[in-house]
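The listed protein sequences derive, respectively, from chains A and B. Counting from 1, position 460 in the first sequence corresponds to residue 460 in my numbering; the numbering is continuous, with no gaps. Count along the second sequence from 1, add 912, and you get the number used in my numbering. First comes the structure, then the notes that go with it.
Number of protein chains: 2
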Amino acid sequence: MANKKRVYLFGGGSAEGSAKMKDLLGGKGANLAEMARIGVPVPPGFTITTETCIDYYKLGADKIRQELEQDVVNAIHFIEKHTGKTFGDINNPLLVSVRSGAKVSMPGMMDTVLNLGINDDAVQGLAKQTNNERFAWDSYRRFIQMYGDVVMGVKPRKGEIDPFEKAIEEMKKAKGVEQDTDLTADDLKELVEKFKQIVKEYTGREFPQDPWEQLWGAIMAVFDSWNNERAIAYRRIHEIPDDWGTAVNVVAMVFGNMGDHSATGVAFTRDAVTGEKRFNGEYLVNAQGEDVVAGIRTPLKITKADSIAWAKANGISEEERRTKYPSLEEYMPDVYKELYEVQEKLEKHYRDMQDIEFTIEEGKLWLLQTRNGKRTGLAMVRIALDMVDEGLIDEKEAILRIEPNKLNELLHPIFDPKALKEAKVLTKGLPASPGAATGKVVFFADEAVELGKKGEKVILVRIETSPEDIEGMNAAQGILTSRGGMTSHAAVVARGMGKCAVVGAGEIEVDYEKRQFTVRDIVVKEGDWISLNGTTGEVYLGKLPTIDPEIGGYFGRLMELADKYRKLGVRTNAETPRDAQNARKFGAEGIGLARTEHMFFEGERIKHMREMILAETEEDRRKALDKLLPYQRADFEALFEIMQGLPVTVRLLDPPLHEFLPQDEESQKEVAEELGVPVEKIKEKVEALHEFNPMLGHRGCRLGNTYPEITEMQVRAILEAALNLKKKGIDVHPEIMVPLVGVDKELQMQREIIEKTAQKIFEQYGDSIDYKIGTMIEVPRAALTADQIAKVADFFSFGTNDLTQMTFGYSRDDVGKFLPIYLEKGILEHDPYQVLDRDGVGQLIKIAKEKGRSVNPKLKLGICGEHGGEPSSIEFCHIVGLDYVSCSPFRVPIARLAAAQAALRYPYGGEK
Amino acid sequence: MANKKRVYLFGGGSAEGSAKMKDLLGGKGANLAEMARIGVPVPPGFTITTETCIDYYKLGADKIRQELEQDVVNAIHFIEKHTGKTFGDINNPLLVSVRSGAKVSMPGMMDTVLNLGINDDAVQGLAKQTNNERFAWDSYRRFIQMYGDVVMGVKPRKGEIDPFEKAIEEMKKAKGVEQDTDLTADDLKELVEKFKQIVKEYTGREFPQDPWEQLWGAIMAVFDSWNNERAIAYRRIHEIPDDWGTAVNVVAMVFGNMGDHSATGVAFTRDAVTGEKRFNGEYLVNAQGEDVVAGIRTPLKITKADSIAWAKANGISEEERRTKYPSLEEYMPDVYKELYEVQEKLEKHYRDMQDIEFTIEEGKLWLLQTRNGKRTGLAMVRIALDMVDEGLIDEKEAILRIEPNKLNELLHPIFDPKALKEAKVLTKGLPASPGAATGKVVFFADEAVELGKKGEKVILVRIETSPEDIEGMNAAQGILTSRGGMTSHAAVVARGMGKCAVVGAGEIEVDYEKRQFTVRDIVVKEGDWISLNGTTGEVYLGKLPTIDPEIGGYFGRLMELADKYRKLGVRTNAETPRDAQNARKFGAEGIGLARTEHMFFEGERIKHMREMILAETEEDRRKALDKLLPYQRADFEALFEIMQGLPVTVRLLDPPLHEFLPQDEESQKEVAEELGVPVEKIKEKVEALHEFNPMLGHRGCRLGNTYPEITEMQVRAILEAALNLKKKGIDVHPEIMVPLVGVDKELQMQREIIEKTAQKIFEQYGDSIDYKIGTMIEVPRAALTADQIAKVADFFSFGTNDLTQMTFGYSRDDVGKFLPIYLEKGILEHDPYQVLDRDGVGQLIKIAKEKGRSVNPKLKLGICGEHGGEPSSIEFCHIVGLDYVSCSPFRVPIARLAAAQAALRYPYGGEK
């Protein structure tokens, strides 16, 4: 044990550790070492290994201190040597920070102590150094408070408030001031004395003046914090092993507020908004990091070019700029040059755009942090591709660098960032479908359609939407609902349309009668302007200008790259010509799911549909179906033509029939009049069709098998459409998909009906067409008995929405009652409707694939649930070896990229 | 090929085949051979092998006839020799029947031809033989009709009715008679001519007069019928291989109507009602089998003893009896003696009670059929055990002989069979819970309770029942509902109570307001008497006397035998003391499922439950829960005391909370008044708790994890009850079951709550008790991830009701909309809520068992769904290796027997 190297030094252009030693030094320690190693000026310091933390729990504090003692003393001397400062010195004191740092970041879970080393002597040295007595004493009182709490365990007694805070309050009252910042240096001196008394009173010990004692206390406190309740809970939720331990990082403090030759700032190696290769950033002279954050002073630009542009935009003369707002490039040309070189080096070293923090202490540059910079989707794509061109990274790495979901930003309108700054957030819902939308509030679908025709921009606001609202949703700029989750009707349909939607905004109370909604005490009336951000879920009052995205050459190039590497096919879920066109534009290789029920709502169709439902005999049902046939056939012709050359999977009627009948009395009356039947008949039918659990009810192929004539009509529409187009020389590949199969004989019976109907049509036309028959796998039993079902299927398409619903037993419409709590408590890591559950649902997919292929090796496998557009789920589909994913049109590019990433990460997953 | 033996002769005391040759000779052929072989007089005949049928399809009719020709000719001569009759003879013609007969019975699927050999000559011989010209000519015209249809393919042309039927109608019209039987011998002679013309007209061929030609046609027709549509469909549904083929049986016709020395009858080797070893039966002199069926003449008793008893019961003098109604024993003592010996021989040979058909042709006894006789449950048990004592069969065979479901008859009251004969069936529903009940109609649970207290017998009639009706159900003699399936609330609760119930009687329309129900045009008012047969689903008007069953020594002995061989434990689902007592009486070895929610409906409890649900804060919820605690604790004390020494599995609260709130406005008002809250609050809560798919909603452990205080209260009630009893020296084994787990962390979190609460209680009591924590496996995901869940579970109990629901995606409450159609069309073989689906649900159980035991070898496994009391499902539980099944109290004996049968059938299934 005693032979283990426990302390790793860094600083002065070298380091004992490196970025590769994250297991031993933690993320922070390894990174500080790496910067030192490549010659970036970081304040000197040292890291105590994670292993020591584990040994601390095995051997106890005394034994560990004994083992560490000499190394830590040497390490502090090492820091003193490199800083020229001395621990506890009255003139030039060395202050250090003591921070935890595990292998992976556990933000805020463990303890940190800053300004360690300050005491009654050092506070004077700090005052001199910073030329700021108030700052020095404030630092001292903060240190006592932090150290007293974290290391010495000063906690308020039962029923008390925090004693330090109480002392501050009393002091402010005594001095007659309101703010902490109004306390003078002398007040703070008094407070330091008071704080020391508090420590004495609560711990029975004096506050330690000896910096060494302070240091040992802080090191042990960091070790202890590995096992505090928060940290344990965090590890449980994130599945971090308890035996990783935390490292301890002890680093010299540096100060950017020591006068006009000191400064602090942040910089980016490239433009985080556009991705342009252009060093940029801001700084403040004689300031600390927190001053930049506080935003009291205006930060200055680092480069001259930025500075000039900024002055121009703000109407400041060049003269004034040069004197009052100079760039760092002009103000400290040497330091700037060094900084420029450092950022170049860092970017080259880390091979990514860096976000760096620096402090200049009396003309000396120190880098405090470097990390990969956050960036917009646009910048992300451009930077990755530029870096390929620059030879910094290869194509594969470029692909893996892109966060697929951020491509959304490139595909949808966004709010003008300037306008957004002043906009008032009214409330927040779930970000159901990305983009930005602004329009007048309207509550009814038909009115949305009417206003839409007049060219007015509207936002359709509903408690929830139903299939009857589809035309209204289509006409609106965006959709806002007060109920429903990420897979509610509104959400699914909006995503399909690529239309901005915010759903489940629970604060909103919609009053259809008064034609208004309220949020707390704010009333928004029909006709008022609101704006929705479907990417964040935010709802704004008023009209916010939007900007349409420009999909430049970078996007196209990225997609080409993705296609080069991916193995999964990418189809789309679409049933309207507009969706299909969009999807083709985005690179969809076919339609994986066309929901035919959506075709039954428009205009006359719903009337015939209702006639069909109300029919008492097969004969009457057939009559109504005959009227629906031409509409449906025309729909398919349009769809097939757009998708020519590509497969189109058409799902037969799926929802329970009651969804086509109005549920409220008023509408029932209207429908009765329209159809010329007594309203009682409508009511009776609604009553007869009522189900306690409609999701598990009379729907899917259960309809097609109890009313085979419905299947017949749909098959006729599909195949006649295909044959009509074939006559025109258009290449059509229809695939007929039977929904909700759970028993092989269900599909067999549907197959017989389909084939018999096809035979008749082919005879009538004197021509035939190749088509496939397959099924959704969306009932657990279907997956479990896939070897039986695959015998009568040409393809399987996993309907993971329903499959998730039944595998978990979570009603999609009701899950909002407990899912948020489950996510919060860590019972679930993700919403399983968003991220495919590999352990449960995924296992069923695997079982189905293996069993299905075992009897039918040519079986084609795809997924058409919402998961088909979600990157982690797409990765799973690749690993498990599906043939394609199908997603809403606007997620097609995301799926293409995610599929490529999966192929690169799992080159052997998906090999068949 | 030519070497294959294709024709097997039987008759004259010997046979070439035997009962063991069912594959080759079919069931019927093998059995006829067997009887001949053991010396029972059967009419001579022969069987053409099933193999020949298969070859017929391979080689064609000509080739097969060629191969068969000589053998068939020889075989007919063999029959002629043994009967002394001649094929086609004008004086003494031989007639034969030609019947199909596959390895397993396929009733009515294939073709049969009777009286073959009749022609213009033979009809005269038949008239002489039978001394009945009309009979002879009627046989001839029937033969032409049957042969014309089956063999020659006379079918009505499009739009026509059957030409033979049309000819009969025209004849009746011409003769001015109403009934077929009114046609005279001469009329029939005319009709025969007419029929021959029809055959000529429809087939272009003369009706064959040559008996040989008739025979070959019939043989080939039987072969053909193996592949008719009905037979193919039947095989598909029953999974009978297509390549089994059918045998053809050609047997000499014998006639019991050839005069006073001829007779026909049926007999049983033992009493089919009581099981007593007592030969009995009935016969008719000068009659055919169909005369017995027609019931025009009163059949006479076979034994003298029976005859005397019958005369006594009907007030007939001994003189009159002896002359007009003699027994066979007296009328034909020699034949009787032979018959008596034959029945003894047959029973000994088949080692089971036989149901035999015989014909006496001119003093000569012929056995036409023997088969195992149908019998009552009581007789079934007695016969099996008597036969063990007689050394005919061993214990194992006795156990395997019992149809478990028929034990029901021994456990429940039945209607007096005499009264039943005259009773009028009003309508029929599903036989939800066996037994017989009679009482006055009452529509409301509270009134049932009130009348029950006064000692009145009532039948509770509801559209459907809800948990609020439980007391009323308990007070009623039986329950009748117009909606719901075999697992509806009414059905499940009634079975649990062992109370007679008929559910889903769809013809009934209940009108609560008028306090009456109607069936078609019959109105039944409150207070009217009705009677229910829960075993058949029949509903009768009026008061039918019931008989309580006597569970004699035979039943007890059978149960002892079952216990000796079974490996599965048998527990019960029970939560009331009455149920628990019943179950213990029936031999339950513990409680596998006590549903705690049923305990929250009585009296004050529901009030506190509602307070709990309406509470806005945890504090208020806890207050209400504190009030529920003493009730619940007392319930558990009662249950634990009855079940002392045995394990009791208590399931924590499972149903969604809205089930405890009234849904209609009237009741909401009442509750609001009772609780002293505004009715709006109740309405709001009902609204807030509303779910679209409550089965997949906020229930089970989702409640316990969102409101941990509910779990805490229940755990407190369970463990305090256990500790209180422990003080009194009572041995208690509580097992706490967490419902609806789908994610391991759900159970982990509940486990933490349970253990923490237990710790507190043990500290308070200064004592502790052993208890287990486990979960229902009822969500597919739980089964799929059982290896994760088993780490925090001591036991699994498969909740196969919910598991079936989610695996199939069939809502139990709504499945009535399509399940009957699915069963009818053969998509499903069984209602999966009745018979456990081995392929899907069963696979999940297997997966869960294997995964669960892989991480936790001691994991205890049981089943507590409705399937736990169903024999085929119990067999599966044995095969898969569960530890126990749990079922409603009245099914405990059935489960004990079924478990023993499973252990005997699958001695290696279930070995762990």
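In this text, a Cβ means the ideal position worked out from N, Cα and C, and glycines have one as well.
Would you grab the beta carbon distance between A/V677 and A/I736 for me? Rounded to a whole angstrom, and I think it's under 8 angstroms. As a working note, residue 677 of chain A is residue 677 in the first sequence. As a working note, residue 736 of chain A is residue 736 in the first sequence. Wrong, their Cβ atoms sit about 33 angstroms apart, outside the cutoff.
Helix, strand or coil for A/M737? Go by DSSP, reduced to three states. The residue labelled residue 737 of chain A in the question sits at position 737 within the first sequence. In the three-state DSSP reduction, A/M737 falls in the strand class (E or B).
In chain A, which residues lie with their C-beta within 8 angstroms of the C-beta of B/M1661? For this step, residue 1661 of chain B is matched to residue 749 along the second sequence. One finds K825 and I827 in chain A with Cβ atoms closer than 8 angstroms to the Cβ of B/M1661, taken in chain order.
Under 7 angstroms between beta-carbons, which chain A residues line up against B/Y1722? List them in chain order, please. As a position in the second sequence, residue 1722 of chain B is number 810, starting the count at 1. Under the 7 angstroms cutoff, chain A gives L696.
Chain B contact residues for A/N257, given Cβ-Cβ distances below 7 angstroms: Within the first sequence, the letter at position 257 stands for residue 257 of chain A. Neighbours of A/N257 in chain B, taken as residues at a C-beta separation under 7 angstroms, are lacking, since the least C-beta distance is about 48 angstroms.
With 8 angstroms set as the bound, which would you pick, yes or no: does the beta-carbon of B/E1603 sit closer than that to a beta-carbon of chain A? Translated into the one-based positions of the second sequence, residue 1603 of chain B becomes position 691. Yes, B/E1603 counts as interfacial toward chain A.
Three-state secondary structure assigned by DSSP to A/S886: In the first sequence, the residue the question calls residue 886 of chain A occupies position 886. Here DSSP, grouped into helix, strand and coil, assigns A/S886 to strand.
For B/H1520, the nearest candidate out of B/L1212, B/K1426 and B/R1534 (CA to CA): Taking the second sequence and counting its residues from 1, the one referred to as residue 1520 of chain B is at position 608. Of B/L1212, B/K1426 and B/R1534, the residue nearest in Cα terms is B/R1534.
Compare the C-beta of A/L407 with all C-beta atoms of chain B and state if any pair is closer than 8 angstroms. Numbered from its first residue, the first sequence carries residue 407 of chain A at position 407. Proximity of A/L407 to chain B, defined by a Cβ-Cβ separation below 8 angstroms, is not satisfied.
Buried or exposed for B/R1614, please, with buried defined as at least 16 other CB atoms from any protein chain shown within 10 angstroms of its CB. The count along the second sequence starts at 1 and reaches residue 1614 of chain B at position 702. Of the residues assessed, B/R1614 falls on the buried side of the cut-off, its CB having 16 or more other CB atoms within 10 angstroms.
Hey, would you say B/M1449 sits closer than 8 angstroms to B/L1342, going by beta carbons? Here residue 1449 of chain B is taken as the residue at index 537 of the second sequence, counted from 1. Here residue 1342 of chain B is taken as the residue at index 430 of the second sequence, counted from 1. The sequence as given places Gly at residue 1449 of chain B; Met does not occur at that position. Going by C-beta atoms, B/G1449 is nearer than 8 angstroms to B/L1342.
Would you mind listing the beta strand (DSSP E) stretches within the region 324-406 of chain A that are 3+ residues and don't spill past its ends, in chain order? Entirely contained in the region 324-406 of chain A, the beta strand (DSSP E) runs reaching 3 residues are, in chain order, 354-361 and 364-372.
How far does the beta strand (DSSP E) with B/S1709 in it reach, from first residue to last? Here the question's residue 1709 of chain B lines up with position 797 in the second sequence. Run containing B/S1709: F1707 to F1710, per the beta strand (DSSP E) assignment.
So does the region 884-895 of chain A actually touch the region 554-572 of chain A, counting three or more Cβ pairs closer than 8 angstroms? Contact holds: three or more Cβ-Cβ distances are below 8 angstroms.
Does A/E422 come out as helix, strand or coil in the three-state DSSP assignment? For the purposes of this step, residue 422 of chain A is taken as residue 422 along the first sequence, with counting starting at 1. In this structure, DSSP gives A/E422 a helical state, which the three-state scheme calls helix.
Assigned exposure category for A/D186 - 16 Cβ within 10 Å defines buried: One-based indexing of the first sequence puts residue 186 of chain A at position 186. Counting Cβ neighbours within 10 Å, A/D186 comes out exposed, since fewer than 16 surround it.
Closer than 8 angstroms to chain D by CB, B/F1710: You won't find chain D in this structure, because its protein chains are A and B.
Give the DSSP-derived three-state secondary structure of B/Y1477 in the structure shown. The count along the second sequence starts at 1 and reaches residue 1477 of chain B at position 565. DSSP, read as helix, strand or coil, puts B/Y1477 in helix.
I'd like to know whether the C-beta of A/K304 is nearer than 8 angstroms to at least one C-beta of chain B. Position 304 of the first sequence, counting from 1, holds the residue named residue 304 of chain A. No, A/K304 does not count as interfacial toward chain B.
How far does the beta strand (DSSP E) with B/D1423 in it reach, from first residue to last? Your numbering for residue 1423 of chain B matches position 511 in the second sequence. Start and end: I1420 to D1423.
What does B/C1412 pair with, by DSSP beta-bridge criteria? Mapped onto the second sequence, residue 1412 of chain B falls at position 500. Answer is B/G1390.
If the cut-off is 7 angstroms on Cβ atoms, which residues from the region 1674-1698 of chain B count as contacting chain A, listed in chain order? From the region 1674-1698 of chain B, only V1691, P1692, R1693, L1696 and T1697 have a Cβ closer than 7 angstroms to chain A.
Hey, does A/Q834 have any beta-carbon neighbour from chain B nearer than 8 angstroms? The sequence position of residue 834 of chain A within the first sequence is 834, counting from 1. Not an interface residue.
Tell me which residues of the region 480-507 of chain A have at least one Cβ-Cβ distance to chain B shorter than 8 angstroms, keeping chain order. Going along the region 480-507 of chain A in chain order, one finds no residue with a Cβ nearer than 8 angstroms to chain B.
Mapping the DSSP letters down to three states, classify A/Q488 as helix, strand or coil. On the first sequence, residue 488 of chain A is found 488 positions in, with the first residue counted as 1. It is worth fixing the name first, because residue 488 of chain A is Ser in this sequence and not Gln. Note: A/S488 maps to coil in three-state DSSP.
Jot down the residue ranges of each uninterrupted beta strand (DSSP E) in the region 1548-1576 of chain B, minimum 3 residues, whole runs only, in chain order. Runs found: 1559-1563.
Tell me whether A/S307 is buried or exposed, calling it buried when 16 or more other Cβ atoms sit within 10 Å of its Cβ. Along the first sequence, one-based indexing puts residue 307 of chain A at 307. When all chains shown are included, A/S307 counts as buried.
Please report whether the beta-carbon of A/M643 lies at a distance below 8 angstroms from any beta-carbon of chain B. The residue given as residue 643 of chain A occupies position 643 in the first sequence. Not closer than 8 angstroms to any Cβ of chain B, the Cβ of A/M643 fails to qualify, so no.
With distances taken between CB atoms, is the gap from B/I1110 to B/S1174 smaller than 8 angstroms? For the purposes of this step, residue 1110 of chain B is taken as residue 198 along the second sequence, with counting starting at 1. For the purposes of this step, residue 1174 of chain B is taken as residue 262 along the second sequence, with counting starting at 1. In this structure, B/S1174 does not lie closer than 8 angstroms to B/I1110 by Cβ.
What is the C-beta distance between A/F798 and A/G865, in whole angstroms, given that I count them as a contact (C-beta under 8 angstroms)? The residue you call residue 798 of chain A lines up with position 798 of the first sequence. The residue you call residue 865 of chain A lines up with position 865 of the first sequence. Right, their Cβ atoms sit about 6 angstroms apart.
Would B/R1142 be called buried (16 or more neighbouring beta carbons within 10 Å of its own) or exposed? The residue labelled residue 1142 of chain B in the question sits at position 230 within the second sequence. So B/R1142 counts as exposed.
Distance between A/E712 and A/I754 (C-alpha atoms, nearest Å): Start at 1 with the first residue of the first sequence, and residue 754 of chain A comes out as number 754. Start at 1 with the first residue of the first sequence, and residue 712 of chain A comes out as number 712. In this structure, the CA atom of A/I754 is about 7 angstroms from the CA atom of A/E712.
Residues in the region 1754-1787 of chain B with C-beta within 8 angstroms of chain A's C-beta atoms, listed in sequence order? Within the region 1754-1787 of chain B, the qualifying residues are Q1755 and L1756.
Does DSSP put B/N1605 in a helix, in a strand, or in coil? Start at 1 with the first residue of the second sequence, and residue 1605 of chain B comes out as number 693. Note: B/N1605 maps to coil in three-state DSSP.
Taking 8 angstroms as the threshold (C-beta atoms), are A/E597 and A/P467 in contact? The residue given as residue 467 of chain A occupies position 467 in the first sequence. The residue given as residue 597 of chain A occupies position 597 in the first sequence. Yes, they are a contact pair.
Once the 5 residues before and after B/G1661 are set aside, which same chain residues still bring their CB inside 7 angstroms of it? For this step, residue 1661 of chain B is matched to residue 749 along the second sequence. Before going further, note that residue 1661 of chain B is Met rather than Gly in the sequence given. These residues qualify, in order along the chain: N1617.
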